[in-house]
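Number of protein chains: 2
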Amino acid sequence: MNDLQKKSKKHYIIETAAELFTEKGFKASSIRELAQRVGLEPSSIYSHIHSKEELLITICTNCASRFTEGMQVIMSTPKSSLEKIEMLIGLHVETAFDDPAAVAVFSEEWRHLPEPYLTIFKDAKKQYEQNFRLIIKQGMDEASIREMDTNVVFNTIINAVKWPYFSGKKYDKKKILETIIQMLMHGLKK
Amino acid sequence: MNDLQKKSKKHYIIETAAELFTEKGFKASSIRELAQRVGLEPSSIYSHIHSKEELLITICTNCASRFTEGMQVIMSTPKSSLEKIEMLIGLHVETAFDDPAAVAVFSEEWRHLPEPYLTIFKDAKKQYEQNFRLIIKQGMDEASIREMDTNVVFNTIINAVKWPYFSGKKYDKKKILETIIQMLMHGLKK
DNA sequence: TATTTGCAAACGAACAATCGTACGTAACAT
DNA sequence: ATGTTACGTACGATTGTTCGTTTGCAAATA
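Protein chains in written order, with this note's numbering: chain A, 42 to 231; chain B, 42 to 231.
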């Protein structure tokens, strides 16, 4: 088995783990069931990974990087706050569509991360949220965004944008993105 | 110990369980830790409950009833679809504020319900969602709601309204409710 | 080409820890 | 005195993981 195949087998285990963790949650997912899904005996899994927690760390860290990097790009782009928020919504929707299982685990299971990864994760999350709120605040200062409680606006957006990962990808990404943006920008009322 | 106190002790155990399940998740919460939090030995818990799963069933069922009943009231009220949606948003925000731990468990841990409760829960959930979507659809037919994909609108609202339970109750319920409604009705754009 | 070497991958078995929970008994309240 | 509440102990099941060994395949040697 050459390097490429070796790499892709570990990757396959991680992918399968993400799906399993999504279905049952991290704590309710056993190495034995993971092994069964990838077609190995439980002990053989450990020829590829060091621990069950390593799987969670890998999944969460990869996903976190994606969001953090996306935020950096968006922050340093010379656009209006409103356009930046649209880009952020796009970042969330696209990430959720590309790898729904990973985003689901990242969103729901991060609390099971072992230290020091848990602390690192929480710090990154806090940083991300602060950046997000800053953009919202700037939009209000520019008077392009209605004056509302920043925190409520932030939480509403971040959760409104959170669902595509558990609704199956039976929908069209572009259409969903457009609708969510329309919804959040102009609201329900005609 | 009289009937009232007896009842309130079981209730206290359930409340504590809801908090514990919220913090760690159902699977990662042990009876031993629950016992410690309520000031009992592990085995003593079983003088009040039949099983760990019973706690989850109780929490989820109570919460589900509250939403189902709220939906019934709102559906049979002679108001516009837009007003009904505002009432639904109110139902979610108020429930989340009144008992954040229970709502958190209800929202995140229901998949660990044992059968037949799991099936019953999923059916009730589906029914609730269908009713919600119907109200949205009616609003579009009445032309008071912008024509958009019903499912996207539904998911956006239901998740936008889901967060107050994990943000601590450090905020003013009324103010949050008003802001969320403003946000969802009129959007970000000024 | 034929044979040996070496290493990663897979395995079966078992261990220690933790889990939910049952059981028999003691303390307590009415 | 009777029934409820609390307890200590322990059992059986499941968990993540380790260990020593075997298998399979590729590179090196003959």
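Even glycine gets a Cβ: it sits at the ideal position worked out from N, Cα and C. Since the model is a prediction, treat every value here as computed from it, not as a measurement.
Exercise for review: Return helix, strand or coil for K215(A), following the three-state DSSP convention.
Suggested key: If you number the first sequence from 1, residue 215(A) lands on position 174. Helix.
Check your understanding: Name the chain A residues that come within less than 7 Å of L225(B), Cβ to Cβ?
Key -> By one-based count along the second sequence, residue 225(B) stands at place 184. G228 and L229, listed in chain order.
**Study point:** Those runs of the alpha helix (DSSP H) which lie wholly inside the stretch 64–150 of chain A and span at least 4 residues
**Key:** Here the runs fully enclosed are 72–79, 93–116, 122–139 and 141–149.
Review point. What residues from chain B crowd round R187(A), counting only those whose CB sits closer than 9 Å?
Key: For this step, residue 187(A) is matched to residue 146 along the first sequence. Ordered by position in chain B, the residues that pass the 9 Å Cβ test against R187(A) are Q223, M224, H227, G228, L229, K230 and K231.
Check your understanding: Where L132(A) and K214(B) are concerned, what is the direct C-alpha to C-alpha distance, given to the nearest angstrom?
Key -> Taking the first residue of the first sequence as 1, we reach residue 132(A) at position 91. Taking the first residue of the second sequence as 1, we reach residue 214(B) at position 173. Cα to Cα, L132(A) sits roughly 30 Å from K214(B).
Review point. Which value, in whole angstroms, describes the spacing of the CA atoms of K125(A) and N172(A)?
Key: Residue 125(A) sits at position 84 when you count from the first residue of the first sequence. Residue 172(A) sits at position 131 when you count from the first residue of the first sequence. Computed Cα separation, rounded: 11 Å.
Review point. For a contact meaning CB atoms closer than 8 Å, what does H153(A) contact in chain B?
Key: Position 112 of the first sequence holds residue 153(A). Below the 8 Å Cβ cutoff, chain B contributes G66 and A69 as neighbours of H153(A), in chain order.
Exercise for review: Just tell me which of D190(A), L81(A) and R152(A) has its CA closest to the CA of K65(B).
Suggested key: Locating residue 65(B) in the second sequence gives position 24, counting from the first residue. It is R152(A).
Review point. Taking just the CA atoms, how far does A143(B) sit from T191(B)?
Key: Numbered from 1 along the second sequence, position 150 holds the residue referred to as residue 191(B). Numbered from 1 along the second sequence, position 102 holds the residue referred to as residue 143(B). Near 28 Å, if we compare the C-alpha coordinates of A143(B) and T191(B).
Review point. At which residues does the alpha helix (DSSP H) containing G180(A) begin and terminate?
Key: Taking the first residue of the first sequence as 1, we reach residue 180(A) at position 139. Counting along the chain, the alpha helix (DSSP H) containing G180(A) begins and ends at Y158 to D182.
Exercise for review: May I have the straight-line CA-CA distance separating A58(B) from L96(B), to the nearest angstrom?
Suggested key: Start at 1 with the first residue of the second sequence, and residue 58(B) comes out as number 17. Start at 1 with the first residue of the second sequence, and residue 96(B) comes out as number 55. Straight-line Cα distance between these residues: approximately 7 Å.
Practice item. Report the rounded CA-to-CA distance for K203(A) versus V134(A), giving the unit in angstroms. Key: Translated into positions along the first sequence, residue 203(A) becomes position 162. Translated into positions along the first sequence, residue 134(A) becomes position 93. Near 8 Å, if we compare the C-alpha coordinates of V134(A) and K203(A).
Review point. Candidates P141(B), G111(B) and I98(B): which alpha carbon is nearest S63(B)'s?
Key: Taking the second sequence and counting its residues from 1, the one referred to as residue 63(B) is at position 22. First, the amino acid is wrong: residue 63(B) is Thr here, not Ser. Taking each of P141(B), G111(B) and I98(B) in turn and checking the Cα distance to T63(B), the smallest one comes out for P141(B).
Exercise for review: Return no unless some Cβ of chain A is closer than 8 Å to the Cβ of N200(B).
Suggested key: Here residue 200(B) corresponds to residue number 159 of the second sequence, with the count starting at 1. Any Cβ of chain A closer than 8 Å to the Cβ of N200(B) would place that residue at the interface, and such an atom is present.
Check your understanding: Taking DSSP as the reference, what is the three-state secondary structure of K230(A)?
Key -> Taking the first residue of the first sequence as position 1, residue 230(A) is located at position 189. Strand.
Check your understanding: With distances taken from CA atoms, which of V146(A), L154(A) and F195(A) is nearest L225(B)?
Key -> Here residue 225(B) corresponds to residue number 184 of the second sequence, with the count starting at 1. Nearest Cα to L225(B) within the set V146(A), L154(A) and F195(A): F195(A).
Check your understanding: Taking S122(B) as the reference, which of I221(B), M189(B) and S185(B) has the closest Cα?
Key -> Numbered from 1 along the second sequence, position 81 holds the residue referred to as residue 122(B). Comparing Cα-Cα distances from S122(B) to each of I221(B), M189(B) and S185(B), the minimum goes to S185(B).
Practice item. Return the residue from the list I198(B), I90(B) and S148(B) that minimises the CA-CA distance to F163(B). Key: By one-based count along the second sequence, residue 163(B) stands at place 122. Inspection of the sequence shows that residue 163(B) is occupied by Lys rather than by Phe. Distance check between K163(B) and each of I198(B), I90(B) and S148(B) places S148(B) closest, using alpha-carbon atoms only.
Practice item. Compute the distance between the beta-carbons of I86(B) and I100(B), then report whether it is under 8 Å. Key: Working through the second sequence from its first residue, we reach residue 86(B) at position 45. Working through the second sequence from its first residue, we reach residue 100(B) at position 59. Contact: no.
Check your understanding: Shorter than 8 Å from the beta carbon of I130(B) to some beta carbon of chain A?
Key -> Position 89 of the second sequence holds residue 130(B). In terms of beta-carbon proximity, I130(B) stays away from the interface with chain A, with every pair separated by 8 Å or more.
Check your understanding: Sorry if obvious, but does the Cβ on N200(B) come closer than 7 Å to a heavy atom of the ligand COA?
Key -> With respect to the ligand COA, the structure offers nothing, as it holds no ligand at all.
Review point. Taking Cβ to Cβ, would you say A105(A) is nearer than 8 Å to Y206(A)?
Key: Translated into positions along the first sequence, residue 105(A) becomes position 64. Translated into positions along the first sequence, residue 206(A) becomes position 165. Contact flag unset, no.
**Study point:** Closer than 9 Å at the beta carbon, the chain B residues around K215(A)
**Key:** Along the first sequence, read from residue 1 onward, the residue named residue 215(A) stands at position 174. None at all; the shortest Cβ gap to chain B is about 12 Å.
Point to revise | Cβ shell of P83(A) (< 6 Å), same chain only, five flanking positions each side left out | key: The residue labelled residue 83(A) in the question sits at position 42 within the first sequence. Around P83(A): I72, R73 and A76.
Review point. From the DSSP output, which residues share a beta bridge with I186(A)?
Key: Here residue 186(A) refers to the residue found at position 145 of the first sequence. I186(A) is bridged to K230(B).
Review point. Residues in its own chain within less than 7 Å of K178(B) by CB, not counting five upstream and five downstream?
Key: As a position in the second sequence, residue 178(B) is number 137, starting the count at 1. Result list for K178(B): T191, in chain order.
Check your understanding: In angstroms, rounded to a whole number, what distance separates the CA positions of P258(A) and L154(B)?
Key -> Absent from the structure is residue 258(A), since the part of chain A shown begins at 42 and ends at 231.
Review point. Is A145(A) close to chain B, meaning its C-beta is less than 8 Å from at least one C-beta of that chain?
Key: Stepping through the first sequence from its first residue, residue 145(A) is reached at position 104. Among the residues facing chain B, A145(A) is not included, as its CB has no counterpart in that chain under 8 Å away.
Review point. For I86(B) and chain A, any beta-carbon pair shorter than 8 Å?
Key: Stepping through the second sequence from its first residue, residue 86(B) is reached at position 45. No - not a single Cβ of chain A is within 8 Å of the one on I86(B).
**Study point:** Rounded Cβ spacing between H89(A) and K120(A) (contact assumed at less than 8 Å)
**Key:** Position 48 of the first sequence holds residue 89(A). Position 79 of the first sequence holds residue 120(A). That pair is no contact at about 43 Å.
Exercise for review: Return helix, strand or coil for L61(A), following the three-state DSSP convention.
Suggested key: By one-based count along the first sequence, residue 61(A) stands at place 20. Helix at L61(A).
Practice item. Return helix, strand or coil for K203(A), following the three-state DSSP convention. Key: Along the first sequence, one-based indexing puts residue 203(A) at 162. Here K203(A) sits in coil by DSSP.
Exercise for review: Note down, in chain order, every chain A residue with its Cβ under 9 Å from the Cβ of T136(B).
Suggested key: To locate residue 136(B), count along the second sequence from 1; it is residue 95. The premise fails here: T136(B) is roughly 16 Å from chain A at the closest Cβ pair, so nothing lies under 9 Å.
Check your understanding: Ordered along the chain, which non-local residues of its own chain (more than five positions away) have a Cβ less than 7 Å from that of E150(B)?
Key -> Along the second sequence, one-based indexing puts residue 150(B) at 109. If the five residues before and after E150(B) are omitted, its C-beta is found closer than 7 Å to the C-beta atoms of F62, G66, F67 and L97, all from its own chain and listed in chain order.
**Study point:** Contact under 8 Å by Cβ, T109(B) with A165(B)
**Key:** Along the second sequence, one-based indexing puts residue 109(B) at 68. Along the second sequence, one-based indexing puts residue 165(B) at 124. For T109(B) and A165(B), yes; Cβs fall inside 8 Å.
Review point. I54(B) and V79(B): beta carbons closer than 8 Å?
Key: Along the second sequence, read from residue 1 onward, the residue named residue 54(B) stands at position 13. Along the second sequence, read from residue 1 onward, the residue named residue 79(B) stands at position 38. Against a cut-off of 8 Å, the Cβ pair of V79(B) and I54(B) comes out as a contact.
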